[in-house]
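Notes follow once the structure below has been shown.
Number of protein chains: 2
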Amino acid sequence: MLQKNVSVLFCRSIRRFASSLSNIYANRTHTCGELRSSHIGVKVSLSGWLEFRRMDKFLVLRDAYGQVQAYIPENQPELREMMKELTYESVLRLDGIVRSRGKNVNTKMPTGEVEIEVNSINLINEAPKALPLRPGGDASEETRLKFRYLDLRTPQMQETLRLRSRLVHDMRRFLVEKRDFVDVETPILFRRTPGGAAEFQVPAPKPNRGRCYSLPQSPQQFKQLLMVGGLDRYFQIARCFRDEGSKIDRQPEFTQVDLELSFTNQEGVIKLLEDLIVESWPQPLESFRPNAPFRRISYNDAMKLYGTDKPDLRIPWKIQDASELFPHLLTASSSSTAACVVCADAAASVTNKIKQEWKRLIEMNSRSAKFAIFDGSKEKWFKEGHNVEEIKRKLNVGSNDLCVISWGNEENVLYTLGQMRNHVAEGCGLRKKQQMEFLWVVDFPLFVEEEGRLVSAHHPFTAPVAEDFALLRDQERRKSIRGQHYDLVLNGVELGGGSIRIHNGQVQEYVLNEILQEDHTELSHLIEALKHGAPPHGGFAIGLDRYVALLVGKGDTSVSVRETIAFPKSHTGRDVMSDAPAIPTQKQLDKYGFAFVVKDEKTTENDS
Amino acid sequence: MLQKNVSVLFCRSIRRFASSLSNIYANRTHTCGELRSSHIGVKVSLSGWLEFRRMDKFLVLRDAYGQVQAYIPENQPELREMMKELTYESVLRLDGIVRSRGKNVNTKMPTGEVEIEVNSINLINEAPKALPLRPGGDASEETRLKFRYLDLRTPQMQETLRLRSRLVHDMRRFLVEKRDFVDVETPILFRRTPGGAAEFQVPAPKPNRGRCYSLPQSPQQFKQLLMVGGLDRYFQIARCFRDEGSKIDRQPEFTQVDLELSFTNQEGVIKLLEDLIVESWPQPLESFRPNAPFRRISYNDAMKLYGTDKPDLRIPWKIQDASELFPHLLTASSSSTAACVVCADAAASVTNKIKQEWKRLIEMNSRSAKFAIFDGSKEKWFKEGHNVEEIKRKLNVGSNDLCVISWGNEENVLYTLGQMRNHVAEGCGLRKKQQMEFLWVVDFPLFVEEEGRLVSAHHPFTAPVAEDFALLRDQERRKSIRGQHYDLVLNGVELGGGSIRIHNGQVQEYVLNEILQEDHTELSHLIEALKHGAPPHGGFAIGLDRYVALLVGKGDTSVSVRETIAFPKSHTGRDVMSDAPAIPTQKQLDKYGFAFVVKDEKTTENDS
């Protein structure tokens, strides 16, 4: 019989005859997803959500583990009658017996061989008739975020969060059990760091009013301090915070797999990361498992061949010098060049409209050079009377290919071709290709010039490569110093980066003081620490959200990190569901002794 | 030969013949702690800190894994001479051969059977002659916190952090591998919650200036929303934040083992917690491993027998009624009572000075009642001529015992005896006793009266026990409703708490609106969620820092949580090492559009 039961009353006995791990401590005998023909004849109690109903006698019940069909027999007219009232997404408990579906096996459902012959339905919690979204149905991203608790019921979200949980668990097992790493939690309420423009501020309470904690962008200082503290091998799945405003697909809080070890070197850290990734590779993605060692390229070669320090190796095309073929594009300047990238089989995918859009995107950036796109099937390229056939032969351009030529200052040309290489690949669908191409980029410059002064290419704690160490004191040649920094790139996305750190306090002080001319008093505790017996050390951090997004996309770079986070923020940094951030009460403001000087108008959310 | 090498240069080859997991990726053949007589004759490279030196020929090298003695042979006069310069805590690399110590075995050292005959010393990083503290040496807590990177090198801190890491790992293994739980990260930047007086505020950037994120005191809302989202079994080692000012041994950020599951009940959650604790029990504490099921007591019985809802069962004494024995202490009031607690073998530990101190402590609290302390050896107790011998016989008071008698209002009497029971036990050293007594406290009241109105005893999401559900609508009897809340107490410390939640949106709305009369608009998203098909669910949270403190103290409740955290805050909420919180820059204030109205004078730190 159908029992309406919307009270907190709930059956009190825990069944101990659980058939799988998920049923221990639970008021059910089985999950919806686990029933097979081997269960035929078994009495079951299931709890879950009403996914679907048909002809007032069939229904599909769904829980976290799958779906199963249930059937109300003819001798239960009362149940059949009352089933009409049941709303989708209501929580039900069904009791019944597992029967064979006979000839009506549904091969698309894992439980499709069986159905439940129901003898009791218990309505545990009723959902409204009109739902803002049905799990798995179409809905705008704003609706999905506002009703995240419904969106989380979709199989895709369930699978993603479970894959993430399992991945992190397997990383931990590798690090703790196979490599002796120690999981250490570091503070989230910390102090401002130099240049920490992107740090959230937390006004401190009495007796520290007028001061702020900062939320750390990474546990960088702490992990180095742990090395000084002799912890030797540290890791943490660390929450980090970065206030970058409304950047596409960036979250104000994100997670990194953070690790550091002592008495190691660049080869050691690179090997560790390769082992970590291969050993924790998700079982459902077995066919994509990478082989170690991963490919490796120097920063300079990456720029020359791909026009970027994070090349997507799913794209086979490389940049080629074309100065000799197009002498009319060169000027007298020593940095003047012409180069091209031949995009095989790309011609058919590219319309003039797309070309115009690329032109617009490239020209928006001050680093761009002039460029032109030619179709391999066309007989004329530039207005000038080149021997196009010979050029095509020399560059190996087929009639289905596109050739992008850029000319001007070398740096700009490489930048432009790097961008165009990605754009054309995107147009051809190559960026959605399900393939995983890991790549190490090494030998980055330690410093880069910005507005006439040197700044750290990554951060001021990176050590120079041994051969370049002496150049630190050579003001003229500092720009050519290579850092012991390494980036891990997957399909053109920077998955993470790391470095061997400066472990000598005097050297660190010199870099901060003399080379970077930063106020190092803010880092005096770290410099002091390095002076008190710091071991040589280095580490790495993987952007976990991005990594999971690439995994669930099987390499497709268009999956948003928001799909990998249970409760993400919108583009404007809001939690659309709870309407965070909220206006603080006067009591709260008084407690922390601050007031707002500027208040933004509340804008409407537009996240779709 | 001794090589001074304070550059970033460091040997580049990673030795692959590592003898233990800790040596993979590391520039060493062995750790200092692993060498045994089986290694005699082996050529080793070790890296670590100079712990000790003697007679310019012996030194002790320490790393994260232990210590080993090294010996500079006579044929290395240059090394012997230069060893004099080496400062303690400098980082060294030693190369040499493992030799037997022969008759000079040091049985106190795990590596005491061997020593290294050194043929090369490489000074990797020099420490200063004058150290603010030596790892393991005496130092004030302020010094230990300021130079935490030195303090972390002490074996005690190393062991604690490793025990914590392993404990958490084993909890994860149990939850993920044996119980199918999913590790889900929930946001740290969230919205204000009703009554969230203790929440830190984070001013939001553009376009949300004028609004604040709040740092959550627990993931309570998120874990319930995950249940609504069908996640079924969630856990997280969650960072939580609570601004409680300068309370002794409280940290503004702390960690809890947070979990929630659907389709369960109180028995299910209690069994889960028992299994979790027993299965993840640290191997080094094997002799303390508890047996499940743990003891259980109702809130009312706990108050009656122990005068507290978190009794320390290491203390064998119980409160007894004594109204009949001391009729002269009673008044006409119906709540008037007299009761006592007999503290066996406590008489010798208690001086008059201690008694005065207890009196002062008890009287500070408005909940206290009058009390008197009598010595079992004394012949006279009260001035009135009682038959003391008979009373002692009836109460079973021996001559080495103390008897604490309290009288007045029953609630105050129980409170006073509960406090005195702990005080006397503390005086006898019972609170430092190495023993682990777990206890469940159940059947708490759902609401308590505060200033004439009902408030939630724990939080407004707790469901009433089924039998009391109907009383929600009975205004007169609401105070007698029991909640499905359960606390886990270890040695008188509340280790954690949990409850079965209200899963019905209408009931939740009624409790917030009608009973608690709270502004429930702040929780409208949660109420909405419950109305969209929430399953029955419940959960728990363990205070991890406190649990680890009790574990490393083997039950001793006097170990501070600061001993379990790598970088704790001081009593005043400061990071003494980095001097956080810091004064924000004007640029930071401008970015978030706020200004300080109140600024505290910088007080000096006093943490010892």
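Residue numbers (my numbering), protein chains in the order written: chain D, 2 to 609; chain H, 2 to 609. All residues carry an ideal CB built from backbone N, CA and C; glycine is no exception.
For residue j and residue i, believed in contact at Cβ under 8 Å, the rounded distance
i              : j              : result
R483 (chain D) : D444 (chain D) : 5 Å
H538 (chain D) : E200 (chain D) : Not quite, the Cβ-Cβ distance comes to about 24 Å (not below 8 Å), so this is no contact.
H40 (chain D)  : V119 (chain D) : About 15 Å; that fails the 8 Å criterion.
N505 (chain D) : L524 (chain D) : Their Cβ separation, rounded to whole angstroms, is 14 Å, which puts N505 (chain D) and L524 (chain D) out of contact at 8 Å.
A340 (chain H) : S288 (chain H) : A340 (chain H) to S288 (chain H), Cβ: 36 Å. No contact.
P217 (chain D) : F255 (chain D) : The pair is not a contact, with the Cβ atoms about 12 Å apart (cut-off 8 Å).
L545 (chain H) : Q257 (chain H) : 6 Å
T32 (chain H)  : Y66 (chain H)  : 4 Å
Residue i vs residue j beta-carbon contact at 8 Å
i              : j              : result
R212 (chain H) : A583 (chain D) : yes
S38 (chain D)  : V115 (chain D) : yes
L162 (chain D) : L232 (chain H) : yes
L62 (chain H)  : Q68 (chain H)  : yes
V169 (chain D) : Q237 (chain D) : no
V560 (chain H) : G554 (chain H) : yes
N266 (chain D) : N28 (chain H)  : yes
Y193 (chain H) : P253 (chain D) : Tyr is not the amino acid found at residue 193 (chain H); the sequence shown has Arg there. Not a contact, by the Cβ cut-off of 8 Å.
G1 (chain D)   : Y511 (chain D) : With chain D represented from 2 up to 609, any question about residue 1 (chain D) goes unanswered, as that position is not in the structure.
V629 (chain D) : V442 (chain D) : Look at the range of chain D in this structure, 2 to 609, and you will see that residue 629 (chain D) is not part of it.
I122 (chain D) : L95 (chain D)  : yes
G377 (chain H) : S400 (chain H) : yes
F175 (chain D) : E280 (chain D) : yes
Neighbourhood of residue i by C-beta distance below 8 Å, restricted to the same chain and skipping five residues each side
i              : result
C344 (chain H) : W318, D402, L403, C404, V405, R422, V425, A426, C429
P446 (chain D) : Y300, A458, K480, S481, I482, R483, G484
L552 (chain H) : L164, L168, P283, L286
V229 (chain D) : A530, L531, H533, G534, A535, P536
Nonlocal neighbours in the same chain, by C-beta distance under 7 Å from residue i, ignoring five residues either side
i              : result
D576 (chain D) : F568, K570
Y593 (chain H) : P204, P206, R210
G137 (chain D) : T155, P156
R54 (chain H)  : L60, M84, L87
R149 (chain H) : F568, M578
N607 (chain D) : Note that N607 (chain D) scores 47 on pLDDT, short of 50, meaning its location in the model is unreliable; the coordinates nonetheless yield the value given after this. Around N607 (chain D): no qualifying Cβ.
Buried versus exposed, by CB contacts within 10 Å (16 or more), residue i
i              : result
Q589 (chain D) : buried
Q4 (chain H)   : Low confidence applies here, because Q4 (chain H) scores a pLDDT of 44, under 50, leaving its location unreliable; read the following figure in that light. Exposed, because fewer than 16 other Cβ atoms sit within 10 Å of the Cβ of Q4 (chain H).
M56 (chain D)  : exposed
N492 (chain D) : buried
H329 (chain D) : exposed
P294 (chain H) : exposed
A131 (chain D) : exposed
P78 (chain D)  : exposed
R516 (chain H) : The amino acid occupying residue 516 (chain H) in the given sequence is Ile; Arg does not appear at that position. Buried: at least 16 other Cβ atoms inside 10 Å.
N24 (chain H)  : buried
E602 (chain H) : exposed
I249 (chain D) : exposed
W382 (chain D) : buried
L10 (chain D)  : At L10 (chain D), the pLDDT of 31 sits below 50, so the modelled position is not reliable and the matter cannot be decided from this model.
Q435 (chain H) : exposed
P220 (chain D) : buried
Q509 (chain D) : buried
Contacts of residue i in chain A (Cβ-Cβ under 8 Å)
i              : result
T256 (chain D) : Protein chains D and H are contained in the structure displayed, whereas chain A is not.
6 Å CB neighbourhood of residue i in its chain, flanking five on each side removed
i              : result
E477 (chain H) : none
V342 (chain D) : W318, I320, V405, L418, R422
For this session: Taking 8 Å as the threshold, find out whether the region 382–401 of chain D comes into contact with the region 353–367 of chain D through three or more Cβ pairs.
Result: no
For this session: For the region 537–554 of chain D and the region 215–233 of chain D, state whether three or more C-beta atom pairs, one from each stretch, are separated by less than 8 Å.
Result: yes
Exercise. Would you call the region 459–477 of chain H and the region 412–422 of chain H touching, i.e. three or more CB-CB distances under 8 Å?
Worked result: no
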